[in-house]
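As structure tokens, the structure follows; a few thoughts come after it.
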Amino acid sequence: MTSVLRRSLDEGIVDVWFSFTNDNRLKSAKKGYEDMLSVAEVEQYQQLKHVDNGWDYLVSRALLRTALAEYCELAPQVLEFRANDFGKPELSNSSVSPIIQFNTAHTNGLTVCVVTRDHAIGVDAESRAETPGILDVAEDYFSALELQALKSREESQQLDYFYRYWTLKEAYIKARGEGLSIPLHDFSVTLGDDGEFREFVGPEAESWDFRLLGQNSAYTAAVSMNAQIAGLKFIHSVPLGPQSEQRAADAFNQGAIQADERRRDIG
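Residue numbers (our numbering): 881 to 1147.
What follows is the structure, given as structure tokens:
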């Protein structure tokens, strides 16, 4: 019998679910989020609480579970996961497990879950911290083609473009699900004059597609899929609360506004 998705998901469409972890509406659902966790997740949550990352982890798991429950026949707290040899998770107890493909990323203040059907997918999100020396990392992780392109940009643009290359490359690594066994120097992403993804240079290049999900003063995010990306749907979610579909141009902007306000308060 063919499994039917509760929420429709057409071939090539990527649903991008996201939450801002400093959203005040999340606090009232904390108990509900904790009740969703598996035994292993509770253990991880307790460990992270001691290093101030517990809340972001809790919200990221709640987003993942509530988002996937939209497509499955199971409640969020019943979903079970298994991981491949490199740690990439997949559903293990749902009839839609072979159909639904997903990946998650979280960074300071933001958690993202991408969902598609049938094809391997990966996502990366990075907060735009002005970390001293961050551009020096490019020498260790970017290909010669990417380094040349990055250095050809105006100095004022280089940090923006660094994060574009970085998130696109990380999304690909996560989609492949083979960890850092894939040398980062051995493949390249290229960007057009508008800063958007243009071409992938690497193994089975014709099978892979990429998109920058957004870039603003707070965050950069990107997705990679082992098939043509036909479209993106952005869903701002408060797990166990309201959801709202957003235009691509508006996604993650609330987080940028909040980050800018925090910077002004600190200043």
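Beta carbons: idealized from backbone N, C-alpha and C, even for Gly. On a predicted model such as this, the values are computed, not experimentally measured, just so you know.
For S1124, write down the residues that DSSP places opposite it in a beta bridge. Answer by DSSP bridge pairing, in chain order: H1116.
What whole-angstrom Cβ distance do V896 and K1113 have, given they're in contact under 8 Å? Right, the Cβ-Cβ distance comes to about 7 Å (below 8 Å), so this counts as a contact.
Whole angstroms is fine: what's the gap from S974's alpha carbon to E1034's? Answer to the nearest angstrom: the Cα atoms are 49 Å apart.
Would L943 pass as a contact of T991 if the rule is Cβ separation under 8 Å? Closer than 8 Å, so yes.
Counting along the chain, where does the alpha helix (DSSP H) carrying Q1095 start and finish? No alpha helix (DSSP H) holds Q1095; the beta strand (DSSP E) holding it covers 1089 to 1095.
Cα separation between G892 and A1000? CA-CA distance, G892 to A1000, rounds to 11 Å.
If you scan the segment 922 to 973 from start to end, which runs of the alpha helix (DSSP H) of 4 or more residues do you find wholly inside it? If only uninterrupted alpha helix (DSSP H) runs of at least 4 residues are considered, those enclosed by the segment 922 to 973 are 934 to 949.
For F966, which residues from the same chain have a beta carbon less than 8 Å from its beta carbon, with the 5 sequence-adjacent residues on both sides left out? So the list reads G1057, E1058, G1059, S1061, once near-sequence residues are dropped.
Limits of the unbroken alpha helix (DSSP H) element including F1042: Element bounds for F1042: 1038 to 1056.
What is the rounded straight-line gap between the Cα of H930 and the Cα of A1051? In this model, H930 and A1051 are separated by some 29 Å (Cα to Cα).
Only counting the same chain, and skipping five residues up and downstream in sequence, which positions put a Cβ closer than 6 Å to that of L1120? These residues qualify, in order along the chain: A909, G912.
For P958 and Q1123, I'd like the C-alpha separation in whole angstroms. A small fix is needed here, since residue 958 is Val in this sequence, not Pro. V958 and Q1123: Cα-Cα distance of roughly 21 Å.
Local conformation of D1004 per DSSP, three classes: D1004 falls in the strand class under three-state DSSP.
Rounded to the nearest angstrom, how far is the Cβ of Q1108 from that of D1089, given a contact under 8 Å? About 5 Å separates the beta carbons of Q1108 and D1089, which is inside the 8 Å limit, making them a contact pair.
Starting from Q1028, trace the alpha helix (DSSP H) both ways and give me its first and last residue. Residues 1024 to 1031.
Can you find the residues in the same chain that come closer than 7 Å, C-beta to C-beta, to R905, ignoring five residues on each side of it along the sequence? Excluding residues within five positions, the ones whose Cβ falls inside 7 Å are V1118, G1121.
Report yes if the C-beta distance between T1047 and A1009 is below 8 Å; otherwise report no. Against a cut-off of 8 Å, the Cβ pair of A1009 and T1047 comes out as no contact.
E830 versus Q1095, A1085, P1063, G1082, residue with shortest Cα-Cα distance: Look at the range of the chain in this structure, 881 to 1147, and you will see that residue 830 is not part of it.
For the beta strand (DSSP E) that contains E914, what are its first and last residues? Looking at the DSSP string, E914 is not in any beta strand (DSSP E); the run it does join, the alpha helix (DSSP H), is 910 to 916.
Figure out for me which residue from P978, G1013, F900, L954 has the closest Cα to the Cα of F1132. For the options P978, G1013, F900, L954, the alpha carbon positioned closest to that of F1132 is the one of F900.
Which residues DSSP lists as bridging S899, in chain order: Looking at the DSSP assignment, S899 forms a beta bridge with T991.
Nearest-angstrom beta carbon gap, T984 and S1023 [assumed within contact, 8 Å]: With a Cβ gap of about 26 Å, S1023 and T984 do not count as contacting.
N-terminal and C-terminal residue of the alpha helix (DSSP H) that E1019 is part of: 1018 to 1021 is the span of the alpha helix (DSSP H), which, as asked, contains E1019.
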